[in-house]
Amino acid sequence: MTMLKYFKNLPKEKLIKQFKMACIAEGITCILLYLVAMPIKYQWGIFWQMIPIGILHGGMFTWYLLLINDVRKALNWDDEDFVFAILAAFFPFASFWVEVDLVKKRME
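Residue numbers in the sequence shown follow full-length UniProt numbering, run continuously in steps of one, and reach 108 at the last position.
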């Protein structure tokens, strides 16, 4: 079973929970990358810590993007919300805003 088929078969509640975790994990790994790994790299010239944190952040970024389309259908996002959620993936810390603004408010 491919990953996309796995996400499509998730119940709505579990899909939304996965997306919330992806938003938070993507934001936390972004913080680790920008506020921990990059200063160490450029301040002291230690490059090795960038690799695992970068790979972890890339995985969380991919997880977030894989879930977006199915969450859009589950929460009935309009095109504006969907584009905002996609663009938020490319701006640091914006995934926290997506989790709060688009997911929690739509669940109420």
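All residues carry an ideal CB built from backbone N, CA and C; glycine is no exception.
Below 8 Å, too few C-beta pairs join the region 70-78 and the region 51-58 to call them touching: fewer than three. I24 and L87 have their C-alpha atoms spaced approximately 16 Å apart.
Here DSSP, grouped into helix, strand and coil, assigns L10 to coil. The way I'd put it, the region 90-99 does touch the region 22-38; three or more beta-carbon pairs between them come closer than 8 Å.
By the C-beta density criterion, G45 is exposed, having fewer than 16 other C-beta atoms within 10 angstroms. Look at I46 here: in three-state DSSP terms it is coil, with no helix or strand label. Counting only the Cα atoms, F82 lies some 9 Å from L102. Scanning the UniProt domain "DUF3817" (17-102) from its first residue to its last, the whole alpha helix (DSSP H) runs of 4-plus residues come out as 38-44, 50-75, 79-88, 94-98.
Residue environment for Y64: buried (at least 16 other C-beta atoms within 10 angstroms of its C-beta).
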